[in-house]
Amino acid sequence: MVRMFVLGTLLVAFAVVAPPPAAVAQGRTAMHDLVPAPVSVRPAPGAFALRPGTAIASDDAGVAAYLAGVLRPATGYRLPIRREGAISLRLKGAPAHVGREGYQLDVTPRSVTIKARTAAGLFNGVQTLRQLLPASVESTTVRPGPWRVPAGRVVDHPRFAYRGAMLDVARHFHPVDTVKRYIDRIALYKINHLHLHLSDDQGWRIAIDTWPRLASYGGSTQVGGGPGGHYTKTDYREIVAHAARRHITIVPEIDVPGHTNAALASYPELNCDGVAPPLYTGTRVGFSSLCTSKEITYTFVRDVLAELAALTPGPYLHLGGDEADATSDADFAAFLNRAHPMAVSLGKTVVGWHQIAAPAVRHSPGRVLQYWGLSGSDPQVAEAVSGGAKVIMSPANKTYLDMKYDPTTRLGTTWASLIEVRTAYDWDPGAHLTGVPESAVLGVEAPLWTETIVTEDDLEYMAFPRLPAVAELGWSPRSAHDWEGFRERLAAQGPRWETLGIGFHRSPQVSWPG
Ligand code: IFG
35 MVRMFVLGTL
45 LVAFAVVAPP
55 PAAVAQGRTA
65 MHDLVPAPVS
75 VRPAPGAFAL
85 RPGTAIASDD
95 AGVAAYLAGV
105 LRPATGYRLP
115 IRREGAISLR
125 LKGAPAHVGR
135 EGYQLDVTPR
145 SVTIKARTAA
155 GLFNGVQTLR
165 QLLPASVEST
175 TVRPGPWRVP
185 AGRVVDHPRF
195 AYRGAMLDVA
205 RHFHPVDTVK
215 RYIDRIALYK
225 INHLHLHLSD
235 DQGWRIAIDT
245 WPRLASYGGS
255 TQVGGGPGGH
265 YTKTDYREIV
275 AHAARRHITI
285 VPEIDVPGHT
295 NAALASYPEL
305 NCDGVAPPLY
315 TGTRVGFSSL
325 CTSKEITYTF
335 VRDVLAELAA
345 LTPGPYLHLG
355 GDEADATSDA
365 DFAAFLNRAH
375 PMAVSLGKTV
385 VGWHQIAAPA
395 VRHSPGRVLQ
405 YWGLSGSDPQ
415 VAEAVSGGAK
425 VIMSPANKTY
435 LDMKYDPTTR
445 LGTTWASLIE
455 VRTAYDWDPG
465 AHLTGVPESA
475 VLGVEAPLWT
485 ETIVTEDDLE
495 YMAFPRLPAV
505 AELGWSPRSA
515 HDWEGFRERL
525 AAQGPRWETL
535 GIGFHRSPQV
545 SWPG
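Mapped onto my numbering, the consecutive letters of the sequence shown carry residue numbers 35 to 548.
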């Protein structure tokens, strides 16, 4: 009798503490499939199961509401937000070294706790928690579950402060809802900046009250001659607010003095000869220039920057500066030496394509060069860095999402390189440019130019799976950089994108499940 009792007790004990057989056999839990790879992951036996009565407690109401909004549709659970809850988001108790954006996530069979020093840190912890749940949690309709989160501890913080995506809404206009959905998706991978390329030869996309024809006329078409469009100030504020709730900062770009045909077509007086050129719907670059010798040009720039700065809570104004082939070097420098101080006087920090590193262009406090070159060295950039400039790495042959994956890709172009996902992943932003130490690298950004990108499906196909690769380079420690490991973790994202309805490129370099 005693023997039976002892055996029974042992069986019960085993059943309570041992993880479900599948997890044990599997050895690999969702904790091993996180993208971006965290700084440290320590799986533990067991799992936490969301239940209909699970509540969320949080020191930040915004992140709690966001988490509930993510979990409610697929689970069908009420997930009320209360003072106490099995899921808790805390702004105290996080290790100091996680910094402003890091977090500590602890999962036990009884509770899920995220600790961070800021709401942004809690938000990043929520993105990790999201990936620890089954892909079906991304469904907008109720799914059966169970909703298990593998137990363990994740302690995490980003390598670079600036992790960006860029959307060119000038070549082809993309409506507010598309931009908001793009924001939702870049948030999945802890990207924290969205750069909007708001003006170019083919279109002006933001309403400016003092120069109304910029949007009404300059925004009335696009590449290929379609109807174009523009954001009203209300639209732009809506995008900024949507991004802010996801701890994403909007970086608006007004590209000057080149890439300005839409503005020049809108106002004859902006042209040196007083004659407005026709609207342009082709894809050539480098043919337009503001008239740097006319005073009205500086009134125009000042008015535009003042209205844009007032709409933009973020610290950056991007003033372009690329491909000003129709502006002499002397005029280019003279123009920038007047325009950049205007942004600074508005309390903003200037970002520009790396051509603004031209020696005659004066440094402005905290200015940032966005490097889009093809080579591993640029002496002017290195010189500007020694003068205090920082760099956002966007090498066109690594991060340009409008590059074809391979010669068969219908969309995109090839001028910089064919870019399959491994090319987007296998480089180091911290060591990419000679003479630019990691300490001068603010981070990375993946631009999506839209000469050939017309629809939201086009945009998704080109962004996924390469954008998560660039996001990992921006977030994860260099020590975690490993293509074989990344391609396995990326494969696990596939079912999540399917559930989210993202029409991604099924790269042959990745063994997508199912
Ligand atoms: N270069 C131009 C973009 C766009 C791009 C397409 C920069 C900074 C080629 N400038 O990239 O306007 O046309 O790949």
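Each residue gets a CB set at the ideal place from its N, CA and C atoms; glycine is no exception. Here the structure is a predicted model, which means the values were calculated and not measured.
Item	Value
GLY252 to ALA71 span [Cα, whole Å]	43 angstroms
Contained alpha helix (DSSP H) runs [length at least 4] in the stretch 347-426, N- to C-terminal order	363-379, 413-420
Stretch pair the stretch 388-403 + the stretch 445-453: three plus CB contacts closer than 8 angstroms	no
Cα-Cα separation, THR294 to SER233	7 angstroms
Closest by C-alpha distance to VAL69, when choosing among ARG164, GLY103, LEU482	ARG164
4 or more residues per run - each alpha helix (DSSP H) lying fully within the stretch 477-532	490-497, 500-509
Counted within 10 angstroms of its Cβ, other Cβ atoms place ALA503 as buried (16 or more) or exposed	buried
Check: ASP234 C-beta below 8 angstroms from any heavy atom of the ligand IFG	yes
Element boundaries [alpha helix (DSSP H), containing ALA95]	95-109
Contact check, TYR314 vs ASP202, beta carbons under 9 angstroms	no
Per-residue DSSP class, three states only, for TYR314	coil
heavy atom of the ligand IFG below 8 angstroms from ALA358 C-beta	no
Closest residue to PRO209 among HIS229, ARG219, GLY263 (Cα-Cα distance)	GLY263
Assigned exposure category for ALA59 - 16 Cβ within 10 Å defines buried	Note on ALA59: pLDDT 45, under 50, position unreliable in the model; no value is reported.
Any non-hydrogen atom of the ligand IFG within 8 angstroms of THR317 CB	yes
Same chain only: Cβ atoms within 7 angstroms of GLY537, ignoring 5 sequence neighbours per side	ASP491, GLU494, TYR495
Reference THR361; option with closest CA among THR326, ARG187, ARG76	THR326
Stretch pair the stretch 215-230 + the stretch 498-516: three plus CB contacts closer than 8 angstroms	yes
TRP245 versus GLY259: straight-line alpha-carbon distance, rounded	23 angstroms
C-beta contact flag for ALA497 and ALA199 at 9 angstroms	yes
CA-to-CA distance, GLU518 to GLY407, given in whole angstroms	27 angstroms
Whole-angstrom distance between PRO143 and ALA47, CA atom to CA atom	Residue placement at ALA47 is flagged as unreliable, the pLDDT there being 45, under the threshold of 50; a coordinate-derived value is accordingly withheld.
Residue burial classification, ASP412 (beta-carbon count within 10 angstroms, cutoff 16)	buried
TRP406: CB within 8 angstroms of a non-hydrogen atom of the ligand IFG	yes
CB contact flag (VAL188, SER74, <9 angstroms)	yes
Reference PRO511; option with closest CA among VAL132, ALA364, ARG193	ARG193
Whole-angstrom C-beta distance between ASP190 and ALA153, which should lie under 8 angstroms	Contact flag wrong, Cβ pair sits at about 16 angstroms.
Sheet register partners of VAL146 (DSSP bridge)	ILE121, VAL141
C-alpha gap between ALA185 and THR63, whole angstroms	9 angstroms
Three-state secondary structure (DSSP) of PRO168	coil
Option nearest GLU417 by Cα separation, candidates ARG540, ALA474, LEU380, VAL455	ALA474
Status (buried if at least 16 other CB within 10 Å, exposed otherwise) for THR109	buried
Candidates GLY179, THR174, TYR137, of which the one nearest GLN25 by Cα	The structure shown does not extend to residue 25, since the chain spans only 35 to 548, so no value can be given for it.
Local conformation of ILE220 per DSSP, three classes	helix
Own chain, CB closer than 6 angstroms to GLY508, minus 5 neighbours either side, in chain order	PHE194, ARG197, GLY477, VAL478
beta-carbon ALA450 near the ligand IFG non-hydrogen atom, thresh 8 angstroms	yes
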